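Protein sequence lines, in the order shown, are assigned to chains A and B.
In this text, residue positions in the first sequence follow the numbering used here: the first is 453, and each later residue adds one.
In this text, residue positions in the second sequence follow the numbering used here: the first is 266, and each later residue adds one.
From the three backbone atoms N, C-alpha and C, an ideal C-beta is built for every residue, glycine too.
Because the structure is a prediction, the values reported are computed rather than measured.
See below for the structure under consideration.
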Amino acid sequence: MSAVALSANSPKNAGRVQPMAIALLLPITIVSLVGFVAPVANLLVLSFQKAEGTGALLGGFTTETWTTVLQDMFYLHLILNSIATSLVITVLTLVTSYPIALYLHRSRGSWRNVLLVLVISPLLLSAVVRTYGWIAILSDQGVVNRTLMFFGMTSPIRLVFNMTGVVIGLTEILMPYMILALLAGFGHLDRQAEEAALTLGATPFTVFRRIILPLSLPGIALGSLLCFVLAVSSFITPKLLGGGRVFLLATEIYDQAIVSLNWPVAATLSGVILIIFGTALLFYTRLLKSVM
Amino acid sequence: MNDHAPSTGLKILAAAMFVFLLAPVLVVVPLSFSGDAFLSFPPSSWSTRWYGRILAEPKIVAAFWTSLTLAATTMVLCLAIGLPAAYAIVRLRIPGAAFLTSLFTAPLLLPSIVLALAILIVFARLGFIGSFRGVLAGHLVVTLPYAVRVLATSIAGLPIACEEAATTLGASPLAVFRRITLPLMLPGIAATAALCFLVSFDEVVLSLFLTGPRLSTLPVEMFHYVETRTDPLIAALSVILVVITLAIVLLVDRTAGLARTFAR
Chain A
453 MSAVALSANS PKNAGRVQPM AIALLLPITI VSLVGFVAPV ANLLVLSFQK
503 AEGTGALLGG FTTETWTTVL QDMFYLHLIL NSIATSLVIT VLTLVTSYPI
553 ALYLHRSRGS WRNVLLVLVI SPLLLSAVVR TYGWIAILSD QGVVNRTLMF
603 FGMTSPIRLV FNMTGVVIGL TEILMPYMIL ALLAGFGHLD RQAEEAALTL
653 GATPFTVFRR IILPLSLPGI ALGSLLCFVL AVSSFITPKL LGGGRVFLLA
703 TEIYDQAIVS LNWPVAATLS GVILIIFGTA LLFYTRLLKS VM
Chain B
266 MNDHAPSTGL KILAAAMFVF LLAPVLVVVP LSFSGDAFLS FPPSSWSTRW
316 YGRILAEPKI VAAFWTSLTL AATTMVLCLA IGLPAAYAIV RLRIPGAAFL
366 TSLFTAPLLL PSIVLALAIL IVFARLGFIG SFRGVLAGHL VVTLPYAVRV
416 LATSIAGLPI ACEEAATTLG ASPLAVFRRI TLPLMLPGIA ATAALCFLVS
466 FDEVVLSLFL TGPRLSTLPV EMFHYVETRT DPLIAALSVI LVVITLAIVL
516 LVDRTAGLAR TFAR
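Laid out in C-alpha cells, this is it:
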C-alpha cells in the first residue's frame with residue numbers, strides 16, 4: 453500500500469489507497485461530527501422547539517419562539533441596537549485603521565516589518581486583557597479622566613460601563629483585522645496615477661478622494677465585512693466594558709443560555725446572528741461586483 | 266512625494282492611531298507595578314506586590330494549571346489527529362478532498378458565541394459540562410481547523426521527489442513518512458503545535474460556556490475577576506502571560522528556523 457502520489461496514480465493501487473485514507477481521516481471526522489455538525493444542526497432544530505418555564509424541552513415543531521422573538525419589542529430593539537452599534541464600530545475602525553494601513557503600504561524595509569509586528573501583536577493578547585486595559589484607561593481614575601480633571605474638569609465623564617466604552621474598546625480590538633484587510637486590498641493602488649494627477653495640478657486631497665479611495669474600495673469592503681461580522685458576535689468586550697448595562701445580541705445569548713437556561717430563545721437569537729451574517733455577506737458580494 | 270515616502274500629515278495621523286491601537290497594552294505594563302489597591306492610572310505609588318498576590322488567589326493558580334494541562338493535551342491531540350488528516354487530504358488523492366477541507370475548517374467561520382452555544386447544548390446532554398474531557402473536546406473543535414490548514418500547507422510545499430526516490434529504492438510507506446516526510450515537516454509541525462497551544466490557552470468564549478464550578482480555565486477566571494473586581498492583579502497576570510506568549514513564539518521561531526537550515 454503505497455502512500456505517495458506517484459503510485460497512487462496507477463489504477464492498480466487506486467482502489468487500495470481508500471482504506472488507508474479512511475483510517476487517517478476517521479479521528480478528525482468524529483471530532484467534526486460530534487463537535488460541529490451535530491451541535492449546529494441540533495441548534496437550528498432547537499430554535500423551532502418550545503421550552504417550559506423550568507427549561508425542559510417540550511419537543512415537537514413550532515415557530516413560536518421565532519414569532520415571539522421577532523414580535524417582542526425588547527428583542528427587536530436588541531437586534532436593531534446590535535446592528536446599529538456594529539455599523540458605528542465598523543466605520544470608526546475603518547477611519548482609525550486607514551492611516552496606519554496607508555502608512556504601512558508606503559513605508560519600506562525593516563521599519564515596516566517592526567510596525568507590522570506591532571499591528572499583529574495585539575491579536576496574540578486575549579480580549580480579556582485588552583478590555584481590562586481599556587477599563588484602566590477610561591475609568592473615573594483612568595488616564596483620560598485624570599487628564600481632563602487636570603485641565604479643569606470638575607467631575608469625571610462616564611466612559612466605561614456604558615455604550616461609549618464598548619464602542620471605543622471594540623474599535624481598538626478590531627483594528628488589526630481591518631488593517632490587514634486594507635493592506636491586502638492596497639495592492640490595487642497605482643503610484644503612477646497619483647503622480648500623474650499631481651502633475652496635472654490636483655491637490656493631495658483630490659488625489660486621495662478621486663484616486664486612492666476608489667482604488668482601495670475592495671480592501672475597505674473586505675475589512676468592513678470582517679469587522680461588522682466580528683462586532684455583531686463579540687461578547688467579551690460588551691460584557692466587561694458594558695458592565696452589565698449594555699445589551700447586545702451576543703450578551704443576551706449568553707444570559708439566556710447560562711442564566712435563564714432558555715435554550716430555544718438562545719438558539720433563535722443565534723439564528724438571527726447567522727441571518728445578519730448571511731445578509732452582510734450578500735451585501736458584500738453585491739458591492740464587490742459593482743466595484744470591480 | 267516622488268520617492269513613495271509617506272507625507273508628514275500621514276505620518277502624524279498614523280502615529281496617533283498607533284498610540285490608540287497600542288494603548289491598552291502600553292497601560293497594562295506600568296499598571297502591574299502599581300502600589301494602589303484599585304485601578305488608577307498613573308498609579309500614586311509603585312510596588313511589585315500584585316505579582317505576589319497572584320499566588321494568594323487559589324482559584325487563579327488552579328485555573329493556570331488547568332489551562333496549561335489543557336493546552337498541552339490539546340496540542341498533542343491536534344497533531345495526532347491533524348497530521349494524518351492533512352496527509353490524507355494532500356497526498357492520497359481522495360475524492361472530495363476540497364469538500365473535506367472546508368468541512369474540517371468550517372468551525373472557524375461560525376461566530377464563536379454560536380458555536381459555543383451549539384456545543385454547550387449537546388455536551389450538557391452528554392454530561393460533559395465542567396469536565397476536563399468536555400472542555401478538551403470543545404477546544405479540539407476550534408484548534409483542529411488551524412492544525413489542518415497549517416499542516417496541509419506544510420505538506421503541499423514539500424518536494425515530493427524525495428519521497429518518490431525513497432519509495433523507488435524500496436522504503437516502506439511508513440519508513441518514507443518517518444524518515445523523510447516527518448523531518449522535512451518539522452517547521453510546520455512546530456508552528457502548528459505553538460498555534461494550537463496558544464489558541465487553547467487563550468480561548469475564552471467557548472470555555473465560558475463549557476466550564477463549571479468544578480473546573481475553570483485561566484481566561485475564564487480572569488474574565489470573572491475583571492467582572493467583579495477592579496484592581497491591578499490582572500495587569501500583573503497579563504504581563505506574565507505576555508512574557509510566556511513571547512517566549513513560545515520566539516522558541517518556535519528558533520526551532521523552526523533551525524529545522525529549516527537542517528532540512529536544506
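Problem set entry | Segments of 4+ residues assigned as alpha helix (DSSP H) that fall wholly inside the region 311 to 345 of chain B | 314 to 320
Exercise. Could one say the Cβ of B/Phe-285 lies closer than 9 Å to chain A's Cβ atoms, at least one of them?
Worked result: Locating residue 285 of chain B in the second sequence gives position 20, counting from the first residue. Yes, B/Phe-285 lies at the interface with chain A (some Cβ there is under 9 Å from its Cβ).
For this session: Spell out the partners DSSP gives B/Ser-299 in its beta bridges.
Result: Position 34 of the second sequence, counted from the first residue, corresponds to residue 299 of chain B. B/Trp-311, per the DSSP bridge assignment.
Exercise. In whole angstroms, what separates the C-alpha of A/Arg-598 from that of B/Val-508?
Worked result: As a working mapping, residue 598 of chain A is identified with position 146 in the first sequence. As a working mapping, residue 508 of chain B is identified with position 243 in the second sequence. If you take the alpha carbons of A/Arg-598 and B/Val-508, they lie about 29 Å apart.
Exercise. In the structure shown, what three-state DSSP assignment does B/Ala-371 receive?
Worked result: Locating residue 371 of chain B in the second sequence gives position 106, where the first residue counts as 1. Helix at B/Ala-371.
Exercise. At which residue ranges does the region 371 to 421 of chain B contain complete alpha helix (DSSP H) runs of 4 or more residues, listed in the order of the chain?
Worked result: 377 to 391 and 397 to 421
Problem set entry | Beta-carbon proximity check, A/Thr-517 vs A/Phe-500, cutoff 9 Å | Taking the first sequence and counting its residues from 1, the one referred to as residue 517 of chain A is at position 65. Taking the first sequence and counting its residues from 1, the one referred to as residue 500 of chain A is at position 48. Yes; because the gap between Cβ atoms is below 9 Å, this pair is in contact.
Exercise. Is any beta-carbon of chain A found at less than 9 Å from that of B/Val-387?
Worked result: Looking up residue 387 of chain B in the second sequence gives position 122. Yes, B/Val-387 lies at the interface with chain A (some Cβ there is under 9 Å from its Cβ).
Exercise. Residues of chain A with a CB under 9 Å from the CB of B/Pro-349: which are they?
Worked result: Within the second sequence, numbered from 1, the residue matching residue 349 of chain B stands at position 84. In chain order, Ala-475, Leu-476, Leu-477, Leu-478, Pro-479 and Ile-480 make up the part of chain A whose C-beta sits under 9 Å from the C-beta of B/Pro-349.
Exercise. At least one CB of chain B closer than 9 Å to the CB of A/Phe-735: is that the case?
Worked result: For this step, residue 735 of chain A is matched to residue 283 along the first sequence. Chain B, which has no Cβ nearer than 9 Å to the Cβ of A/Phe-735, makes this no.
Exercise. Are A/Ser-443 and B/Ile-277 closer than 9 Å when you measure CB to CB?
Worked result: Look at the range of chain A in this structure, 453 to 744, and you will see that residue 443 of chain A is not part of it.
Problem set entry | Beta-carbon spacing of B/Ser-481, B/Thr-331 below 9 Å | Start at 1 with the first residue of the second sequence, and residue 481 of chain B comes out as number 216. Start at 1 with the first residue of the second sequence, and residue 331 of chain B comes out as number 66. Yes, the pair counts as a contact, with Cβ atoms nearer than the cut-off.
For this session: Measure the CB-CB distance between B/Val-469 and A/Ser-573 and report whether it falls below 9 Å.
Result: Against the second sequence, residue 469 of chain B aligns to sequence position 204. Against the first sequence, residue 573 of chain A aligns to sequence position 121. Not in contact: B/Val-469 and A/Ser-573 (Cβ atoms no closer than 9 Å).
Problem set entry | Backbone CA spacing between B/Ala-270 and B/Ala-421 [nearest angstrom] | In the second sequence, the residue the question calls residue 270 of chain B occupies position 5. In the second sequence, the residue the question calls residue 421 of chain B occupies position 156. Cα to Cα, the separation comes out at about 38 Å.
For this session: Return no unless some Cβ of chain A is closer than 9 Å to the Cβ of B/Lys-530.
Result: What the structure shows of chain B is the stretch from 266 to 529, and residue 530 of chain B is not part of that stretch, so it cannot be assessed.
For this session: Check the Cβ-Cβ distances between A/Trp-586 and every residue of chain B, and say whether any is below 9 Å.
Result: Within the first sequence, residue 586 of chain A is the residue found at index 134, counting from 1. Cβ-Cβ to chain B under 9 Å: yes for A/Trp-586.
Exercise. If the cut is a Cβ gap below 9 Å, which residues of chain B does A/Gly-594 touch?
Worked result: Numbered from its first residue, the first sequence carries residue 594 of chain A at position 142. Ordered by position in chain B, the residues that pass the 9 Å Cβ test against A/Gly-594 are Val-292, Leu-304, Ser-305 and Phe-306.
Problem set entry | For A/Ile-552 and A/Leu-740, the rounded distance between their alpha carbons | Translated into the one-based positions of the first sequence, residue 740 of chain A becomes position 288. Translated into the one-based positions of the first sequence, residue 552 of chain A becomes position 100. Roughly 23 Å separates the two Cα atoms.
Problem set entry | Chain-ordered residues of the region 641 to 656 of chain A with a beta carbon less than 9 Å from chain B | Arg-643, Glu-646, Glu-647, Leu-650 and Pro-656
Exercise. Which stretch, first to last residue, makes up the alpha helix (DSSP H) that contains A/Ile-705?
Worked result: Within the first sequence, the letter at position 253 stands for residue 705 of chain A. Segment 701 to 706, the alpha helix (DSSP H) holding A/Ile-705.
Problem set entry | Test: A/Gln-470 CB closer than 9 Å to a CB of chain B | Within the first sequence, numbered from 1, the residue matching residue 470 of chain A stands at position 18. Closer than 9 Å: yes.
Problem set entry | A/Lys-691 at chain B interface by Cβ criterion, 9 Å | Here residue 691 of chain A refers to the residue found at position 239 when the first sequence is read from its first residue. It does: the Cβ of A/Lys-691 has a partner Cβ on chain B nearer than 9 Å.
Problem set entry | Contained alpha helix (DSSP H) runs [length at least 4] in the region 479 to 535 of chain A, N- to C-terminal order | 490 to 498 and 516 to 523
For this session: Check whether the Cβ of A/Leu-634 lies closer than 9 Å to any Cβ atom in chain B.
Result: As a position in the first sequence, residue 634 of chain A is number 182, starting the count at 1. By this cut-off, A/Leu-634 is not an interface position.
For this session: Give the C-beta separation of A/Leu-556 and A/Leu-635 to the nearest angstrom, bearing in mind that I take them to be a contact with Cβ-Cβ under 8 Å.
Result: Taking the first residue of the first sequence as position 1, residue 556 of chain A is located at position 104. Taking the first residue of the first sequence as position 1, residue 635 of chain A is located at position 183. That belief holds up - the Cβ atoms of A/Leu-556 and A/Leu-635 are roughly 6 Å apart, short of 8 Å.
Exercise. By DSSP, does A/Phe-603 sit in helix, in strand, or in coil?
Worked result: The residue you call residue 603 of chain A lines up with position 151 of the first sequence. Here A/Phe-603 sits in coil by DSSP.
Problem set entry | A/Phe-602 burial status per 10 Å Cβ neighbour count (16 or more: buried) | Here residue 602 of chain A refers to the residue found at position 150 when the first sequence is read from its first residue. Classification of A/Phe-602: exposed, given that the 10 Å Cβ count is below 16.
Exercise. Just to confirm, does B/Glu-322 get its C-beta within under 8 Å of one of the non-hydrogen atoms of the ligand ZN?
Worked result: With respect to the ligand ZN, the structure shown offers nothing to examine, as it has no ligands at all.
Exercise. What is the DSSP secondary structure of B/Val-284, counted as helix, strand or coil?
Worked result: Start at 1 with the first residue of the second sequence, and residue 284 of chain B comes out as number 19. In this structure, B/Val-284 counts as helix in the three-state DSSP scheme.
Exercise. In chain order, what residues of the region 485 to 503 of chain B put their CB closer than 8 Å to some CB of chain A?
Worked result: Met-487, Phe-488, Val-491, Glu-492, Thr-495, Ile-499, Ala-500 and Ser-503
Exercise. Going along the chain, which residues of the region 506 to 520 of chain B sit with their C-beta nearer than 9 Å to a C-beta in chain A?
Worked result: Leu-506, Val-507, Thr-510, Leu-511 and Val-514
Exercise. How about the region 613 to 629 of chain A and the region 539 to 554 of chain A: do they share at least three Cβ pairs that are nearer than 8 Å?
Worked result: Yes: the two stretches touch, three or more of their Cβ pairs being nearer than 8 Å.
Exercise. Skipping 5 residues on each side, what residues in its chain have a beta carbon closer than 7 Å to that of A/Ala-702?
Worked result: For the purposes of this step, residue 702 of chain A is identified with residue 250 of the first sequence, where counting begins at 1. Result list for A/Ala-702: Ser-685, Ser-686, Phe-687 and Pro-690, in chain order.
Exercise. Which stretch, first to last residue, makes up the alpha helix (DSSP H) that contains B/His-489?
Worked result: Position 224 of the second sequence, counting from 1, holds the residue named residue 489 of chain B. That run of the alpha helix (DSSP H) goes 483 to 493.
Exercise. Can a CB atom of chain A be found closer than 9 Å to the CB of B/Ala-288?
Worked result: In the second sequence, residue 288 of chain B corresponds to position 23, counting from 1. Yes, B/Ala-288 lies at the interface with chain A (some Cβ there is under 9 Å from its Cβ).
Problem set entry | A/Ala-719 to B/Pro-376 span [Cα, whole Å] | Working through the first sequence from its first residue, we reach residue 719 of chain A at position 267. Working through the second sequence from its first residue, we reach residue 376 of chain B at position 111. So the alpha carbons of these two residues sit roughly 13 Å apart.
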